[in-house]
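Colleague: Chains as they are written, first to last, in my numbering: chain A, 1 to 439; chain B, 440 to 758; chain C, 759 to 1051. Here a beta-carbon is modelled for each residue, glycine too, at the ideal position from N, C-alpha and C.
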Amino acid sequence: MMKTVELNKKQTAIVQALEPQFKKAGIVYRLWVGLLLALILFGAYGLYKQIAIGHVVTGMRDNVVWGYYIANFIYFIGVSYGAAMLAAILYYFKVPWGRPIIRISALVAFITGIIGPVFILLCIGRFDRLHYLFIHARVQSPITWDVMVISTYLVGITVFAYLLLVKDFAILRDSPLLELPSWRRKLYSALALRYKGTEEQENQIDHSTKSMAFIMVPKVILAFAVLSWIFGMSLRPGWHSTIFGPAYVISSVATGIALIIGVMWVYRKLFGLDEYLTDQHFRKMALILLVLVAAFGYFTFSEYITSWYSSGKWEAAVTAKLLDFDEFGWAFHLANLFGIIIPIIVIAFPRLRTPNNLALISLLLVVAVWVRRYLTVVPPLETPLLPVQDARPEFLHYSATWVEWALVLAGAATFFIFFTLIPKLINVIPISVYEKENK
Amino acid sequence: MSESSENSRRDFLKKGALGVTLAAWGQLVFSCSSSGEGHEHGMAEQTDTVKVLTPDGQLVEVNRAHLMHAHHTQEVSYEEARTGVPGKKFVMVIDLARCTNARRCVSACQKMHHLPPDREWLTVKLMKDSKTSEPYWFPKTCFHCDNPPCVKVCPVDATFKRQDGLVLVDNTRCIGCKFCMTACPYSTRVFNWGEPGEPADMKTHYSSPETSIPGQVGTVEKCDFCPDMARMGKLPDCVTACPNGAFFFGDQNEDIVTNGSETFRFSELIAERAAYRYGEELGTEPRVYYLPPVDRIRPAEEALEEMPEERRKLYEDQL
Amino acid sequence: MKRSNSINWPFSFGHWMLVLLLLGLSVNVWGQEEEEEPEQISSRMSLSAVQRGEDMAELKALARAKIDGRFTGLPGLEVAFFSLSDTLEKELGKATTDEDGIASLSISKSELYADTAGAFMLAARFDGNDEYSDSDDEITITAATIGLEAQEEDSTRTLVATLESRGLPIAEADVYFYVKGTFRPLKIGEATTDEDGMASVEFPAGLPGNPDGSIDMFVRLEEDDTYGTVESGVSEPWGIPAKESASVTRGLSSPNPPLWLLLTFVALLLIIWGHYLEVIYKLFRLRKKAAEN
Chain A
1 MMKTVELNKK QTAIVQALEP QFKKAGIVYR LWVGLLLALI LFGAYGLYKQ IAIGHVVTGM
61 RDNVVWGYYI ANFIYFIGVS YGAAMLAAIL YYFKVPWGRP IIRISALVAF ITGIIGPVFI
121 LLCIGRFDRL HYLFIHARVQ SPITWDVMVI STYLVGITVF AYLLLVKDFA ILRDSPLLEL
181 PSWRRKLYSA LALRYKGTEE QENQIDHSTK SMAFIMVPKV ILAFAVLSWI FGMSLRPGWH
241 STIFGPAYVI SSVATGIALI IGVMWVYRKL FGLDEYLTDQ HFRKMALILL VLVAAFGYFT
301 FSEYITSWYS SGKWEAAVTA KLLDFDEFGW AFHLANLFGI IIPIIVIAFP RLRTPNNLAL
361 ISLLLVVAVW VRRYLTVVPP LETPLLPVQD ARPEFLHYSA TWVEWALVLA GAATFFIFFT
421 LIPKLINVIP ISVYEKENK
Chain B
440 MSESSENSRR DFLKKGALGV TLAAWGQLVF SCSSSGEGHE HGMAEQTDTV KVLTPDGQLV
500 EVNRAHLMHA HHTQEVSYEE ARTGVPGKKF VMVIDLARCT NARRCVSACQ KMHHLPPDRE
560 WLTVKLMKDS KTSEPYWFPK TCFHCDNPPC VKVCPVDATF KRQDGLVLVD NTRCIGCKFC
620 MTACPYSTRV FNWGEPGEPA DMKTHYSSPE TSIPGQVGTV EKCDFCPDMA RMGKLPDCVT
680 ACPNGAFFFG DQNEDIVTNG SETFRFSELI AERAAYRYGE ELGTEPRVYY LPPVDRIRPA
740 EEALEEMPEE RRKLYEDQL
Chain C
759 MKRSNSINWP FSFGHWMLVL LLLGLSVNVW GQEEEEEPEQ ISSRMSLSAV QRGEDMAELK
819 ALARAKIDGR FTGLPGLEVA FFSLSDTLEK ELGKATTDED GIASLSISKS ELYADTAGAF
879 MLAARFDGND EYSDSDDEIT ITAATIGLEA QEEDSTRTLV ATLESRGLPI AEADVYFYVK
939 GTFRPLKIGE ATTDEDGMAS VEFPAGLPGN PDGSIDMFVR LEEDDTYGTV ESGVSEPWGI
999 PAKESASVTR GLSSPNPPLW LLLTFVALLL IIWGHYLEVI YKLFRLRKKA AEN
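1) Let me check one thing: in DSSP terms, what residues is B/E748 bridge-paired to?
2) Look at the alpha carbon of C/M814 and the alpha carbon of B/T539, and state the distance between them as a whole number of angstroms.
3) A/L289: which of A/T306, A/Y398, A/A258 sits nearest, CA to CA?
4) Give the interface partners of C/K1047 over in chain D, defined as CB-CB distance under 9 Å, in chain order.
5) Which value, in whole angstroms, describes the spacing of the CA atoms of A/G113 and B/Y717?
6) Measure the CB-CB distance between A/D274 and A/R283 and report whether it falls below 7 Å.
7) Ordered along the chain, which non-local residues of its own chain (more than five positions away) have a Cβ less than 7 Å from that of C/P966?
8) Taking Cβ positions only, does C/G1015 come closer than 7 Å to chain B?
9) Quick check on this structure: which residue in A/F160, A/N8, A/V378 has the alpha carbon closest to the alpha carbon of A/K219?
10) On the DSSP letters alone, give me the boundaries of the alpha helix (DSSP H) that B/Q549 sits inside.
11) Are the C-beta of B/M482 and some C-beta of chain A separated by less than 7 Å?
12) Would you identify the three-state DSSP class for C/Y936, choosing helix, strand or coil?
13) Looking at chain A, which residues of the region 1030 to 1044 of chain C have a Cβ within less than 9 Å of any of its Cβ atoms?
14) Using a beta-carbon distance cut-off of less than 8 Å, what residues from the region 662 to 690 of chain B approach chain C?
15) Could you tell me which residues DSSP pairs with C/P927 in its beta bridges?
16) According to DSSP, is A/F42 part of a helix, a strand, or is it coil?
17) May I ask which residues mark the beginning and end of the alpha helix (DSSP H) holding A/F419?
18) So, for A/F214: in the same chain, excluding its five sequence neighbours on each side, which residues have a beta-carbon less than 7 Å away from its beta-carbon?
19) Name the residue from A/R61, A/L172, A/Y81 whose alpha carbon lies nearest to the alpha carbon of B/R558.
20) Buried or exposed: which applies to A/P237, given that a residue is buried once 16 or more other Cβ atoms fall within 10 Å of its Cβ?
21) Please check the pair A/E108 and A/I260, which I expect to be a contact at CB under 8 Å, by giving their CB distance rounded to whole angstroms.
22) Measuring only the C-alpha atoms, how far is A/A83 from A/S105?
23) Please look up how many angstroms separate the CB atoms of C/L805 and C/A821, rounded, as I've assumed it's under 8 Å.
24) At a cut of 8 Å, does the region 130 to 137 of chain A reach the region 622 to 637 of chain B through at least three beta carbon pairs?
25) Can you check whether the CB of A/Q201 is closer than 7 Å to the CB of B/K591?
26) With C-beta atoms as the reference, is B/A520 less than 7 Å away from B/D676?
27) Below 8 Å on the Cβ atoms is my guess for B/P732 versus B/L535; work out the distance and round it to an integer in Å.
28) Kindly list the residues whose CB is nearer than 8 Å to the CB of A/I411, restricted to its own chain and excluding five residues on each side of it in sequence; keep chain order.
29) Have a look at C/R828, C/K824, C/M879 and flag the residue whose alpha-carbon is nearest the alpha-carbon of C/D895.
30) According to DSSP, is C/E981 helix, strand or coil?
31) Any Cβ of chain A within less than 7 Å of the Cβ of C/L979?
32) For B/N692, tell me which candidate among B/N610, B/P525, B/P555 has the shortest Cα-Cα distance.
33) Is the CB of A/T152 under 7 Å away from at least one CB in chain C?
34) Can you pull the DSSP bridge partners for A/F325?
35) Tell me, please, whether the region 945 to 956 of chain C touches the region 927 to 935 of chain C by the rule of three or more beta-carbon pairs shorter than 8 Å.
36) What does C/F884 reach in chain B if we use C-beta pairs closer than 8 Å?
Structure (structure tokens):
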């Protein structure tokens, strides 16, 4: 007789709570998925145009050679790193309250980690030569570092997320409480790798996961550093600054956590998971967010007050554009208001620290940091050392075209469609992490 | 608007500015406006095309570049194109006192490299160093830095530094990531956002990093100091096109630079005229030296005044 | 605008046909004329000669035409060179103009007809083609040689030129001294010949030479009315030896990365991917072990 994975009381309760998550899709769900698919198709059409005609269909030109795509790239990949770091730390240190959050963190890391690199590919003029990045790789280039680090990271986060899932797949395969079609049982069975919950297997999985979690932290720091160096290694003011890397790490981890709070809130609402994702969880996450956002605020202030105060001409020109309300002033100040100041205020007062408020400020922060990413990329490029003196307005100021909008929206739609489809297949609250409970 | 403006010769009894040919001013100055939309029509076309009789007696207008069969270049191997002309160290000196924004260098460069009007490898900027100082025209080529920020960051070895000092782009290798464009502090590089214009006649050209021909969509390109010409001992086209002899080109190893009609010892010229390199503080070690705009042969404002209003607007921010 | 409706047409249909026929004929005639006599662009030839060393002469013919109001060199034309005497004419050879419109031919002076005063009569001819009319040019130059000697005394280096025509010195002639360059020669001095036909300049210090330190110099009498251009060269080890181009060093802007960077890069990749492989191997073992059980 085959041994099956045994469940304790808490785990049984979670499996039973899976019902709303796994239930058959309704009309609203289908419409939503349809809308997202339409957006993705629209993006695909934009991509087709870009490949067929050239980058001339985008708003990028000789001075601003990077725009929405790179902003989106550093945004998503940063969020991914941040979420991966959170998942790894929560797992490695066995933070008790972190158990229900690890799954969502790993999923956010995995999904944004897939979407991010797509956007740097969109910046590449010659898709047909992508393999040159490997066959003609130049170790001196930060792009080569990034290619290696990102591909390494993607494999790492995939393996890590999968390791975290193996035991749950076995539970889903075996659980008599669930009514599942046979193809799904077969799928879970294949993915569970014949995990039967023997002590040896358990030790092995736990050990592997733990070592993946351990190595994830330095890897993510390295990945963050390399990504920020793509900018930091250049001579451009706004990029060439020591604080660029730390500020990027801090803001990305903050965004990752905000996104996780948002996803937690949505899943809790949709699947009735109040018992597992409690208000307490939201508050704990919010406190981490508070520290990070405050640090981000401090770094931001430090970065711009130094360049505002001193008289370096080129650097001051970039800062002046960020502060000038005729240029990027509104975007910059509003991003700081919604991304730094309001989150700090809301989290700082216990009375305001409700899940609904936290979800709201998370949404604000997620958008605000995206704006900050845009402001990281574009104003320094619009401020070259030599005057531009060009008759063509698109060479002076960047403004995204429909193709870029289509692809950015397609990126967001991809994020949403993943988070819509995944709960149909994977339990968003991990079951196996509760195996020591009630024993 | 015809070429009635024959070159008038005027002697400049200034040091080092003897016997400089000055183009007649007037419309010619604007005949090759850089990027303005007006470029496709008007004078530019007339100066770029000539009327010739074909062998069967037809009077046709053809592009002058085609009439001249462009330049016949000496074909070299890919390896040679990557290592450079042996024993040379090319260097350029630009005399800002002689630049009057005649823009002949720009049009010669466009012709040489088969560039459409909206993609310039060589630009002429109006510079004004401070509120109180006088504006001057500033021709800007690629500086072919000895410590090139662009080469450092290239992930695929598509842009490279040769032993003869030149920084070139292999547009069959370039993946179009544009990292070099963000790395270059001098905004030297241009990107083929769409299909490159004006295809070259590949019967008289050959494809190599030394020619950058044909241009390829989705790749980066830039001023290359015409290495195919230099290999044959010929000066780049911007140098020979300048009516004022503002560009000097040569081999630093033999310490000689020339604008075609005047030849100087490079070390003496830059010492006597207090040459500087643009953005020296950036540590890029440019191979282009500028002679300060002292005793300008013509104030920069004169060229500005002769410009059409819309073109003058481009420089307003600078003044 | 006023239009008159009351014009009486005096012509009948037949008249009209006649007019049309005539018009047609005349158009045809003009067309034929154009084909028979295509309008050639008139070309211009200018011939010059350089007497080089002891015996050589280089003939240079520049073919030009006024195109679009500007004189432009005509590439690809075949130019024939001739040596003339009072009665005889000898074709020396042919050359095709390069992209600047210059055709040149080097020939030994002993091949040329010379008159009693030692003068050569030379001609260059282009026979014309469909595009450009024929043109020619003739010059007369007198035989001359210029010798160049490099003298070194103590630390002073001097170049001495000796200008002669048929063994007799040429005095009061301006000669120019040059160092060869990649693109253009660099003038290092000028002097006027004395009654012995000699002129000298001091060689400037610090000029770079070839890798072996040699430096190519030449002296020239330029475009003289009687002698044309006369030049000769010499190579002396007076230059500062050029450094051999260094081999490619490792560096950020070299194709080869600094060693520490390469090692760090590879080490990091090996460590992380090694770890991955270990984890993935263990995962597969998990499966295998379960099967064994």
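Modeller: So, from the data block:
1) For the purposes of this step, residue 748 of chain B is identified with residue 309 of the second sequence, where counting begins at 1. The partner list for B/E748 (beta bridge, DSSP) is empty, contrary to what the question assumes.
2) The residue given as residue 814 of chain C occupies position 56 in the third sequence. The residue given as residue 539 of chain B occupies position 100 in the second sequence. The straight-line gap from Cα to Cα measures roughly 44 Å.
3) Taking the first residue of the first sequence as 1, we reach residue 289 of chain A at position 289. Minimum Cα distance to A/L289 is reached at A/A258.
4) Annotation note: the requested chain D is absent from the structure, which comprises protein chains A, B and C.
5) Here residue 113 of chain A is taken as the residue at index 113 of the first sequence, counted from 1. Here residue 717 of chain B is taken as the residue at index 278 of the second sequence, counted from 1. For A/G113 and B/Y717, the distance between alpha carbons rounds to 42 Å.
6) Here residue 274 of chain A corresponds to residue number 274 of the first sequence, with the count starting at 1. Here residue 283 of chain A corresponds to residue number 283 of the first sequence, with the count starting at 1. Contact flag unset, no.
7) The sequence position of residue 966 of chain C within the third sequence is 208, counting from 1. So the list reads G997, I998, A1000, once near-sequence residues are dropped.
8) Counted from its first residue, the third sequence places residue 1015 of chain C at position 257. The sequence shown places Pro at residue 1015 of chain C, not Gly. So, not an interface residue.
9) Here residue 219 of chain A corresponds to residue number 219 of the first sequence, with the count starting at 1. Ranking the options by Cα distance to A/K219, first place goes to A/F160.
10) Position 110 of the second sequence holds residue 549 of chain B. It spans 543 to 551 - the alpha helix (DSSP H) in which B/Q549 sits, taken as one unbroken run.
11) Taking the second sequence and counting its residues from 1, the one referred to as residue 482 of chain B is at position 43. Summary for B/M482: the model assigns pLDDT 36, below 50, so the residue's position carries little reliability, and this model does not support an answer.
12) On the third sequence, residue 936 of chain C is found 178 positions in, with the first residue counted as 1. Three-state DSSP puts C/Y936 in a strand.
13) I1030, W1031, H1033, Y1034, E1036, V1037, I1038, K1040, L1041, F1042, R1043, L1044
14) A669, G672, K673, L674, F688, G689, D690
15) As a first step, residue 927 of chain C must be located in the third sequence, where it is residue number 169. DSSP output for C/P927 lists C/E922 as bridge partner(s).
16) For the purposes of this step, residue 42 of chain A is taken as residue 42 along the first sequence, with counting starting at 1. Correct three-state label for A/F42: helix.
17) Locating residue 419 of chain A in the first sequence gives position 419, where the first residue counts as 1. 402 to 421 is the extent of the alpha helix (DSSP H) around A/F419.
18) Within the first sequence, residue 214 of chain A is the residue found at index 214, counting from 1. The residues are Y92.
19) To locate residue 558 of chain B, count along the second sequence from 1; it is residue 119. Measuring from the Cα of B/R558, the nearest candidate turns out to be A/R61.
20) Working through the first sequence from its first residue, we reach residue 237 of chain A at position 237. Counting Cβ neighbours within 10 Å, A/P237 comes out buried, since at least 16 surround it.
21) Your numbering for residue 108 of chain A matches position 108 in the first sequence. Your numbering for residue 260 of chain A matches position 260 in the first sequence. Before going on, a small fix: residue 108 of chain A reads as Val here, not Glu. Between A/I260 and A/V108 the Cβ distance is about 5 Å, and since that is below 8 Å, they are a contact.
22) Taking the first sequence and counting its residues from 1, the one referred to as residue 83 of chain A is at position 83. Taking the first sequence and counting its residues from 1, the one referred to as residue 105 of chain A is at position 105. Taking the straight line from one Cα to the other gives about 5 Å.
23) On the third sequence, residue 805 of chain C is found 47 positions in, with the first residue counted as 1. On the third sequence, residue 821 of chain C is found 63 positions in, with the first residue counted as 1. Contact flag wrong, Cβ pair sits at about 10 Å.
24) no
25) Position 152 of the second sequence, counted from the first residue, corresponds to residue 591 of chain B. Position 201 of the first sequence, counted from the first residue, corresponds to residue 201 of chain A. Result no, Cβ atoms of B/K591 and A/Q201 do not sit closer than 7 Å.
26) Locating residue 520 of chain B in the second sequence gives position 81, counting from the first residue. Locating residue 676 of chain B in the second sequence gives position 237, counting from the first residue. Cβ atoms of B/A520 and B/D676: not closer than 7 Å.
27) Working through the second sequence from its first residue, we reach residue 732 of chain B at position 293. Working through the second sequence from its first residue, we reach residue 535 of chain B at position 96. B/P732 to B/L535, Cβ: 4 Å. Contact.
28) Position 411 of the first sequence, counting from 1, holds the residue named residue 411 of chain A. According to the sequence shown, residue 411 of chain A is Gly rather than Ile. Hits under 8 Å: G43, N72, F76, I115, V118, F119.
29) Here residue 895 of chain C corresponds to residue number 137 of the third sequence, with the count starting at 1. It is C/M879.
30) One-based indexing of the third sequence puts residue 981 of chain C at position 223. Three-state result, C/E981: strand.
31) Along the third sequence, one-based indexing puts residue 979 of chain C at 221. Chain A contact via Cβ: absent.
32) Within the second sequence, numbered from 1, the residue matching residue 692 of chain B stands at position 253. B/N692 has its Cα closest to that of B/P525, out of B/N610, B/P525, B/P555.
33) Numbered from its first residue, the first sequence carries residue 152 of chain A at position 152. With 7 Å as the cut-off, A/T152 counts as an interface residue toward chain C.
34) As a position in the first sequence, residue 325 of chain A is number 325, starting the count at 1. The partner list for A/F325 (beta bridge, DSSP) is empty, contrary to what the question assumes.
35) yes
36) Taking the first residue of the third sequence as position 1, residue 884 of chain C is located at position 126. Neighbours of C/F884 on chain B: none; closest Cβ ~17 Å, over 8 Å.
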